[in-house]
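Q: Take a look at the following structure, please.
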Amino acid sequence: MAAFGTVFMPEMIISWFDGNGWSNAEVVSSDSLQLHPGAHVLHYSSTCFEGLKAFRHADDSIKIFRMDRNIERFAQSSELLALPELDKAATEKMILDIVAKFKNDVPEAPGSMYIRPTHIGTEPAIGKAASPSLTSCQYILLSPVGDYFSGGDTTLRLLLEEHGARCAAHMGMIKSGGNYASAMRPIMKAKAELNADQVLFCPDGDVQETGAANFLLIDGNEVITKALDESFLHGVTRDSILTIARDLGMDVQERQLTVEELLERAAKPGCEAALSGTAAVLTSVGTLIHNGKEHTVGNGGVGQTTLKLRQALNDIQWGKAEDKFGWLTSI
Ligand SMILES: *Cc1c(COP(=O)(O)O)cnc(C)c1O
Numbered sequence: 045m046a047a048f049g050t051v052f053m054p055e056m057i058i059s060w061f062d063g064n065g066w067s068n069a070e071v072v073s074s075d076s077l078q079l080h081p082g083a084h085v086l087h088y089s090s091t092c093f094e095g096l097k098a099f100r101h102a103d104d105s106i107k108i109f110r111m112d113r114n115i116e117r118f119a120q121s122s123e124l125l126a127l128p129e130l131d132k133a134a135t136e137k138m139i140l141d142i143v144a145k146f147k148n149d150v151p152e153a154p155g156s157m158y159i160r161p162t163h164i165g166t167e168p169a170i171g172k173a174a175s176p177s178l179t180s181c182q183y184i185l186l187s188p189v190g191d192y193f194s195g196g197d198t199t200l201r202l203l204l205e206e207h208g209a210r211c212a213a214h215m216g217m218i219k220s221g222g223n224y225a226s227a228m229r230p231i232m233k234a235k236a237e238l239n240a241d242q243v244l245f246c247p248d249g250d251v252q253e254t255g256a257a258n259f260l261l262i263d264g265n266e267v268i269t270k271a272l273d274e275s276f277l278h279g280v281t282r283d284s285i286l287t288i289a290r291d292l293g294m295d296v297q298e299r300q301l302t303v304e305e306l307l308e309r310a311a312k313p314g315c316e317a318a319l320s321g322t323a324a325v326l327t328s329v330g331t332l333i334h335n336g337k338e339h340t341v342g343n344g345g346v347g348q349t350t351l352k353l354r355q356a357l358n359d360i361q362w363g364k365a366e367d368k369f370g371w372l373t374s375i
């Protein structure tokens with residue numbers, strides 16, 4: 045099985061902003077993109093993206109999950125990066141059109157079609173280190189993906205990092221390339237030195253998120269995760285899992301979680317921790333590494349509540365449970 049995100053549909057849909065308006069969307073080959081080497085994005089990282097999925101139901105209909113939320117976030121990221129304003133209706137049509145074009149290629153469950161909208165500043169102007177690109181382009185790539193857990197359902201090892209931050213505090217809620225570049229070295233170091241899978245960034249003891257997923261602590265009937273602020277990415281999966289947990293009668297607490305409280309609760313048998321994101325939905329965390337010491341979360345295995353919440357979300361995505369929150373859009 046090819047690695048996640050390495051297989052692409054042969055065509056993408058693209059639209060250009062020339063400083064005044066957006067061009068009509070065009071379906072073009074997805075194997076190249078012509079840019080001036082001085083393009084703003086290549087020097088000053090004027091780039092943001094989204095990640096959402098389309099699912100094939102048993103009746104062969106194709107549904108996109110929470111597209112409205114992802115388009116809102118895409119527009120917000122663009123605005124916060126001073127990229128040209130997106131036309132949300134046009135972006136929505138581009139997504140629907142390109143997924144419809146490749147609807148026969150949407151994998152069956154447990155696979156799906158990962159959708160990657162991207163918006164970049166294209167103005168050839170290397171003197172614009174402190175001013176925005178007046179032109180831009182948005183395109184939507186499609187990548188069929190298989191079962192994330194095909195290798196078995198294992199648990200993750202996370203390094204708790206209290207000193208470094210994932211990215212600049214005011215950039216956290218923007219899904220932008222520079223933030224991943226900023227987190228790369230600490231993550232590589234934790235992998236090499238501690239055999240960690242991810243770094244859980246906890247600046248000054250405030251449990252935030254990992255390089256590309258949100259963090260949830262599940263202690264009995266309680267689900268605890270950081271309240272929304274501009275310092276971290278507002279995951280659609282996070283919101284969906286919290287909505288399902290509330291609906292199941294769980295006590296959902298969006299509030300500050302300190303490293304101290306996290307380690308105290310994690311030591312209790314039955315405690316669970318998980319990462320949430322579109323790619324893997326919900327993945328169990330088995331070990332927290334802190335100041336050279338390893339702390340097992342609960343019994344260190346895959347959490348039963350984690351599995352239940354993931355299943356509940358998957359069931360809605362694949363049409364096995366009622367879409368009671370109105371999260372699916374038909375193609
Ligand atoms: C994309 C992303 C998430 C998860 O967001 P979803 O909308 O659930 O996919 C969390 N953190 C970061 C840093 C991300 O880039």
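Count along the sequence shown starting at 1, add 44, and that's the number in the working numbering.
Just so you know, even glycine gets a beta-carbon here, dropped at the ideal spot from N, CA and C.
#1: If residue 261 sits next to residue 268, beta carbons under 8 Å apart, how far is it from one beta carbon to the other, in whole angstroms?
#2: Quick check on residue 38: does DSSP put it in helix, strand or coil?
#3: Can you give, in chain order, each stretch of the alpha helix (DSSP H) that sits fully within the stretch 74–143 and has at least 4 residues?
#4: Is the Cβ-Cβ distance between residue 156 and residue 99 less than 8 Å?
#5: May I have the straight-line CA-CA distance separating residue 272 from residue 201, to the nearest angstrom?
#6: Check whether the stretch 307–326 touches the stretch 340–359, counting contact only when three or more Cβ pairs, one atom from each stretch, lie closer than 8 Å.
#7: Which one of 266, 168, 229, 109 has the shortest CA to CA distance from residue 293?
#8: Is it right to say residue 81 is buried, meaning 16 or more other beta carbons lie within 10 angstroms of its own, or is it exposed?
#9: Could you compute how far the alpha carbon of residue 167 sits from the alpha carbon of residue 234?
#10: Which residue marks the beginning of the alpha helix (DSSP H) containing residue 275, and which one marks its end?
#11: Can you tell me which residues form a DSSP beta bridge with residue 295?
#12: In the DSSP assignment, find the alpha helix (DSSP H) that holds residue 226 and state where it starts and stops.
#13: Which value, in whole angstroms, describes the spacing of the CA atoms of residue 255 and residue 145?
#14: Can you check which of these residues, 222, 74, 151, is closest to residue 125 by C-alpha distance?
#15: Pull up the distance between the alpha-carbon of residue 122 and that of residue 287, whole angstroms please.
#16: Measuring alpha carbon to alpha carbon, tell me which residue in 215, 78, 150 is nearest residue 102.
#17: Roughly how many angstroms lie between the CA atoms of residue 136 and residue 115, to the nearest whole one?
#18: Closer than 6 Å between the C-beta and any heavy atom of ligand 1: which residues qualify, listed along the chain?
#19: Three-state secondary structure (DSSP) at residue 160?
#20: If you follow the beta strand (DSSP E) that residue 355 is in, where does it begin and where does it stop?
#21: Look at the Cβ atom of residue 25, then the Cβ atom of residue 86, and state whether they are nearer than 8 Å.
#22: I'd like the list of long-range same chain contacts for residue 183, defined as Cβ closer than 6 Å, with 5 residues on each side in sequence excluded.
#23: Going straight from the alpha carbon of residue 259 to that of residue 305, what length do you get?
#24: So, is residue 191 buried or exposed, given that buried needs 16 or more other C-beta atoms within 10 angstroms?
#25: If we ignore side chains and look at the alpha-carbon of each, how far apart do residue 232 and residue 367 end up?
#26: Would you mind reading off the limits of the alpha helix (DSSP H) that contains residue 305?
#27: Should residue 107 be labelled buried (16 or more other beta-carbon atoms within 10 Å of its own) or exposed?
#28: Checking the sheet assignment: what are the DSSP bridge partners for residue 202?
#29: Are there 16 or more other CB atoms within 10 angstroms of the CB of residue 316, so buried, or fewer, so exposed?
A: Checking against the coordinates, here is how it stands:
#1: 4 Å
#2: This structure cannot speak to residue 38, because the chain is shown only from 45 to 375.
#3: 84–88, 111–124
#4: yes
#5: 25 Å
#6: Yes, since at least three Cβ pairs between the stretch 307–326 and the stretch 340–359 fall closer than 8 Å, the two stretches touch.
#7: Among 266, 168, 229, 109, the Cα nearest to that of residue 293 belongs to 266.
#8: exposed
#9: 37 Å
#10: Counting along the chain, residue 275 falls outside any alpha helix (DSSP H), and DSSP gives it neither H nor E.
#11: Beta-bridge pairing by DSSP links residue 295 to 266.
#12: 221–238
#13: 32 Å
#14: Distances from the CA of residue 125 to each of 222, 74, 151 were compared; the closest alpha carbon is that of 222.
#15: 26 Å
#16: 150
#17: 7 Å
#18: 95, 219, 253, 256, 257, 258, 277, 279, 280, 281, 282, 320, 321, 322
#19: Of the three classes helix, strand and coil, the one that applies to residue 160 here is strand, per DSSP.
#20: That residue, residue 355, is in no beta strand (DSSP E); its alpha helix (DSSP H) goes 348–361.
#21: Only positions 45 to 375 of the chain appear in the structure, and residue 25 is not among them; the question remains open.
#22: In its chain, beyond the 5 residues on either side, 56, 58, 162 have a beta carbon closer than 6 Å to the beta carbon of residue 183.
#23: Each residue's alpha carbon lies about 14 Å from the other.
#24: exposed
#25: 39 Å
#26: Where residue 305 is concerned, the enclosing alpha helix (DSSP H) stretches over 303–310.
#27: buried
#28: Beta-bridge annotation (DSSP): residue 202 is paired with 242, 332.
#29: buried
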